[in-house]
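K.L.:
These protein sequence lines map, in sequence, to chains A and B.
Numbering of the first sequence is given in my numbering, commencing with residue 11 and proceeding in unit increments.
Numbering of the second sequence is given in my numbering, commencing with residue 35 and proceeding in unit increments.
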Amino acid sequence: MFQVYLPIAEISVNLLIMLGLGAAVGFLSGMFGVGGGFLLTPLLMFSGIPPAIAVATGANQIVATSVSGALAQWRRNNIDFHMGAVLIAGGVLGALLGVLLVRELRAAGQAGLIISLTYVALLSTIGVLMLVESVRSIRRARAGKPASGRKPGQHLWVHRLPLKLRFPRSRLYISAIPPFVIGAVVGLLTAFLGVGGGFIMVPAMIYLLRMPTNVVIGTSIFQIIFVTAVVTALHAGFNQTLDLVLALILAAGGVIGGQFGVTAGQRLRGEQLRALLAIMVLAVAIRLLFDLVLPPGELYSISPLSAGA
Amino acid sequence: MRALLTLMLLTLLPQSAPAAGAEKPPAPKEEIQTDLSTREIAIQSNFTGIEVLLYGSIDFSQGTPAKPGEYDVIMVIRSPEQPLVVRRKEQVAGIWVNGMGVVFPSVPGFYAALSTRPFRAIASDEALRELGIGITNLDFGKPSTETNDVDMARFRSAIVRLKKEQNLFQEHDDGVAFIGRSLFRASIAMPVNVPIGRYTADVYLFRDGELVSKNQSTLEVSKVGFERSIYNLAFSHPFVYGLLAVLLAVLAGLAGWFAFRRE
């Protein structure tokens, strides 16, 4: 019942499960304002989709969700297009490097391993940070103290670099090098992990570039559209790892789930939700780690020469 | 190839012998006709595997019918061969990673052998080997990496084990059933991940351990419709395919925004 054959992954999956997966991740991303790729890609891998296909298809899914998000942000004039352009330039370079890296690793049969390891490192770091932060916020809220805002800081070393550009929307006059490098790192992660990278970009924009918080989210989503689009096209072009049927199912689920997520997120309390998301992120990391550490039931694996693990 | 030559000789010899005229003509042999329930398997979105029926009958008009139970039938269905990488996991610093890999150049993507009785009860080991009957008689080609025999045997048996788990290698020594004296049939369950290509179905008729007749039919497994277009586009124009995917994702995002915006 409801089995759908995926022409590139060459497996049959349950349509309802995949729609549900897209909707669930879309719901979470709508609720927390995150891309959701860092949950979607591992969950696809758990459902038996080969890692490289999960990464490419996950990136394509983020294109769909970020287009919706960016339109909403653009309406509120929350996008710094100048900054976005510099971030995208870096992102495209990072994406190209990442796609070629995945290609080499697939040829060596190590793509699955390195993707899993990077996920474990990234998810456990983010999970712990989020958990600590949300527990602190909950305690602070109970103690009745107001949440602390960020202090206006002095100029950092990143502001003394050459190639200064004016970013009117952010009211900044800073070097183009830091945003370019941030963009490149995020592009690399997108290509390698199938994530949007907002969770790296947003803190970097706030604490390194000192951008005003109101344009940070919008500019980040704007950059994510283009970088995930480039990553999708490059993965399809170089690695043939994009499954369009799977992408369409996930996009349909994701777009619907995302809208409900936004509504739900506005009604619920932030700190508890963040703690919940942190626990989910940690659970995914632990599951991935278990798969790497526990003795496998089968030591051997086979794959056609052209495709990789 | 050698098996084919032997077969050609086997079939040619009895016919040329009567031309000599002198001796008593050898008994003409029984012949088999076989066919498949389908000549084409179309893989599309609702594909979850398929059961194929392979059937045939013994034509006695050329020979003396034996008693029921004296005939044995073996069927071999195989897909084109492809290079396959086998990798073995090794523990490095507490983590299981893919270690050594061996490439076998010609492994059938799908292979099923079915028979009325265990193969070795039907024909000699040499005959089975020559005809490529049975998984143990498959030749995967010269491995890419040199290693000791014990290790190589492990890699080889890993292919067989994993392919069997996916139902891509099958052996059923009670898979062929006779219906009456001349009709026989077998059904083969092909799993969802069957490789595409032109399959061959060889049917061998044995009598008292001797091959008396053989017949071959072909089966085309291909992706059709939407799945075919996607698969072909993804591999022949990968960048166009990628851009199409991006376009569809952008449209999905736009559609979502228009459908749900609150203004």
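Note that the Cβ used here is the ideal one computed from N, Cα and C, for glycine as well.
(1) Span of the beta strand (DSSP E) holding Thr252(B)?
(2) Can you find at least 3 beta carbon pairs, one from the stretch 230 to 246 of chain B and one from the stretch 198 to 210 of chain A, that sit closer than 8 Å?
(3) Which residue comes first and which comes last in the beta strand (DSSP E) that contains Ile111(B)?
(4) Quick check: Ile167(B) and Phe153(B), are their CB atoms within less than 8 Å of each other?
(5) How is Gln276(A) classed by DSSP in three states: helix, strand or coil?
(6) Spatial neighbours of Ala274(A) within its chain, please: CB distance less than 6 Å, with the 5 preceding and 5 following residues excluded, ordered by chain position.
(7) So with CB distances below 8 Å, who are the chain A contacts of Ala76(B)?
(8) So, helix, strand or coil for Ala194(A), using DSSP?
(9) Leaving aside the five residues before and after Val240(A) along the sequence, list all residues of the same chain whose C-beta is less than 6 Å from its C-beta, in chain order.
(10) When the distance is taken between beta carbons, is Gly94(A) closer than 8 Å to Thr229(A)?
(11) What first and last residue would you give for the alpha helix (DSSP H) that runs through Pro314(A)?
(12) Taking the beta strand (DSSP E) that Phe212(B) falls in, what are its first and last residues?
(13) Do Leu260(A) and Thr51(A) have their beta-carbon atoms positioned less than 8 Å apart in this structure?
(14) Taking the DSSP output, what are the residues bridged to Asn218(A)?
(15) Alpha carbon to alpha carbon, how far is Leu25(A) from Ala262(A)?
(16) Relative to the C-alpha of Phe12(A), which candidate in Ile27(A), Ala19(A), Ile21(A), Ile18(A) has its C-alpha closest?
(17) Just tell me which of Leu54(A), Phe48(A), Leu16(A), Ala19(A) has its CA closest to the CA of Gly30(A).
(18) When the distance is taken between beta carbons, is Ala19(A) closer than 8 Å to Leu256(A)?
(19) List the residues that DSSP assigns as beta-bridge partners of Lys123(B).
(20) Counting along the chain, where does the alpha helix (DSSP H) carrying Ser185(B) start and finish?
(21) May I have the straight-line CA-CA distance separating Phe236(A) from Ala34(A), to the nearest angstrom?
(22) Against chain A, with Cβ distances strictly below 8 Å, would Tyr233(B) count as a contact?
(23) Output yes if chain A places a C-beta closer than 8 Å to the C-beta of Ala146(B); else output no.
(24) Short of 6 Å in beta carbon distance, which residues of its chain neighbour Trp130(B), apart from the five on each side in sequence? Order them along the chain.
(25) Going by DSSP, what residue range makes up the alpha helix (DSSP H) through Gly231(B)?
(26) Under a three-way DSSP split, which group does Thr82(B) fall into?
(27) Starting from the beta carbon of Thr75(A), find every residue of chain E whose beta carbon is closer than 7 Å, and list them in chain order.
(28) State the CB to CB distance for the pair Leu239(B) and Ile84(B), rounded to an integer number of angstroms; the pair is presumed to be in contact (CB under 8 Å).
(29) Starting from Glu261(B), find everything on chain A with Cβ-Cβ shorter than 8 Å and list it in chain order.
(30) 8 Å is my cut-off, CB to CB: does Val102(A) come that close to chain B?
(31) Compare the Cα-Cα distances from Ile136(A) to each of Phe37(A), Pro314(A), Leu292(A), Leu298(A) and report the closest residue.
(32) Excluding the five sequence neighbours on either side, which residues of its own chain have a C-beta within less than 7 Å of the C-beta of Val194(B), listed in chain order?
P.N.:
Taking the geometry as given:
(1) Taking the second sequence and counting its residues from 1, one reaches residue 252(B) at position 218. Its beta strand (DSSP E) spans residues 244 to 257.
(2) Fewer than three pairs of CB atoms, one per stretch, sit closer than 8 Å, so the stretch 230 to 246 of chain B makes no contact with the stretch 198 to 210 of chain A.
(3) Walking along the second sequence from the start, residue 111(B) turns up at place 77. 105 to 112 is the extent of the beta strand (DSSP E) around Ile111(B).
(4) For the purposes of this step, residue 167(B) is taken as the residue at position 133 of the second sequence. For the purposes of this step, residue 153(B) is taken as the residue at position 119 of the second sequence. For the pair Ile167(B) and Phe153(B), the CB atoms are nearer than the 8 Å cut-off.
(5) Position 266 of the first sequence, counted from the first residue, corresponds to residue 276(A). Gln276(A): helix per DSSP, three-state reduction.
(6) By one-based count along the first sequence, residue 274(A) stands at place 264. Same-chain partners within the cutoff: Met41.
(7) Stepping through the second sequence from its first residue, residue 76(B) is reached at position 42. The premise fails here: Ala76(B) is roughly 11 Å from chain A at the closest Cβ pair, so nothing lies under 8 Å.
(8) In the first sequence, residue 194(A) corresponds to position 184, counting from 1. Residue state, collapsed to three classes: helix.
(9) Here residue 240(A) corresponds to residue number 230 of the first sequence, with the count starting at 1. So the qualifying residues of the chain are Val102, Ala105.
(10) Counting from 1 along the first sequence, the entry for residue 229(A) is found at position 219. Counting from 1 along the first sequence, the entry for residue 94(A) is found at position 84. Going by C-beta atoms, Thr229(A) is nearer than 8 Å to Gly94(A).
(11) In the first sequence, residue 314(A) corresponds to position 304, counting from 1. No alpha helix (DSSP H) contains Pro314(A), which is instead part of the beta strand (DSSP E) from 310 to 314.
(12) The residue labelled residue 212(B) in the question sits at position 178 within the second sequence. Where Phe212(B) is concerned, the enclosing beta strand (DSSP E) stretches over 211 to 213.
(13) Position 41 of the first sequence, counted from the start, is the residue given in the question as residue 51(A). Position 250 of the first sequence, counted from the start, is the residue given in the question as residue 260(A). Going by C-beta atoms, Thr51(A) is not nearer than 8 Å to Leu260(A).
(14) Here residue 218(A) corresponds to residue number 208 of the first sequence, with the count starting at 1. Sequence check: residue 218(A) is Leu here, not Asn. DSSP, once it has assigned bridges, lists no residue as partnering Leu218(A).
(15) As a first step, residue 25(A) must be located in the first sequence, where it is residue number 15. As a first step, residue 262(A) must be located in the first sequence, where it is residue number 252. The straight-line gap from Cα to Cα measures roughly 11 Å.
(16) Taking the first sequence and counting its residues from 1, the one referred to as residue 12(A) is at position 2. Nearest C-alpha to Phe12(A): Ile27(A).
(17) In the first sequence, the residue the question calls residue 30(A) occupies position 20. Of Leu54(A), Phe48(A), Leu16(A), Ala19(A), the residue nearest in Cα terms is Leu54(A).
(18) Along the first sequence, read from residue 1 onward, the residue named residue 256(A) stands at position 246. Along the first sequence, read from residue 1 onward, the residue named residue 19(A) stands at position 9. The Cβ atoms of Leu256(A) and Ala19(A) lie closer than 8 Å to each other.
(19) In the second sequence, the residue the question calls residue 123(B) occupies position 89. Lys123(B) pairs with Asn132(B).
(20) Taking the second sequence and counting its residues from 1, the one referred to as residue 185(B) is at position 151. Note that residue 185(B) is Asp in the sequence shown here, rather than Ser. Here the alpha helix (DSSP H) through Asp185(B) covers 183 to 199.
(21) Locating residue 236(A) in the first sequence gives position 226, where the first residue counts as 1. Locating residue 34(A) in the first sequence gives position 24, where the first residue counts as 1. Rounded to the nearest angstrom, the two C-alpha atoms are 24 Å apart.
(22) Counted from its first residue, the second sequence places residue 233(B) at position 199. No - not a single Cβ of chain A is within 8 Å of the one on Tyr233(B).
(23) As a first step, residue 146(B) must be located in the second sequence, where it is residue number 112. No - not a single Cβ of chain A is within 8 Å of the one on Ala146(B).
(24) Taking the second sequence and counting its residues from 1, one reaches residue 130(B) at position 96. If we look at Trp130(B) and ignore the five residues flanking it on each side, its Cβ neighbours are Lys123.
(25) Working through the second sequence from its first residue, we reach residue 231(B) at position 197. Premise fails: Gly231(B) lies in the beta strand (DSSP E), 231 to 241, not in any alpha helix (DSSP H).
(26) Taking the second sequence and counting its residues from 1, the one referred to as residue 82(B) is at position 48. In the three-state reduction of the DSSP assignment, Thr82(B) falls in the coil class, being assigned neither a helical nor a strand state.
(27) Included in the structure are the protein chains A and B, with no chain E among them.
(28) As a working note, residue 239(B) is residue 205 in the second sequence. As a working note, residue 84(B) is residue 50 in the second sequence. No, Leu239(B) and Ile84(B) are not in contact; Cβ-Cβ is about 26 Å, not under 8 Å.
(29) As a first step, residue 261(B) is located in the second sequence; it is residue number 227 there, counting from the start. Here the neighbours are Tyr15, Pro17, Val255.
(30) Along the first sequence, one-based indexing puts residue 102(A) at 92. Closer than 8 Å: no.
(31) Along the first sequence, read from residue 1 onward, the residue named residue 136(A) stands at position 126. For the residues Phe37(A), Pro314(A), Leu292(A), Leu298(A), the minimum Cα distance to Ile136(A) belongs to Leu292(A).
(32) Locating residue 194(B) in the second sequence gives position 160, where the first residue counts as 1. Counting only Cβ-Cβ distances below 7 Å, and skipping sequence neighbours, we find Ile169, Phe203.
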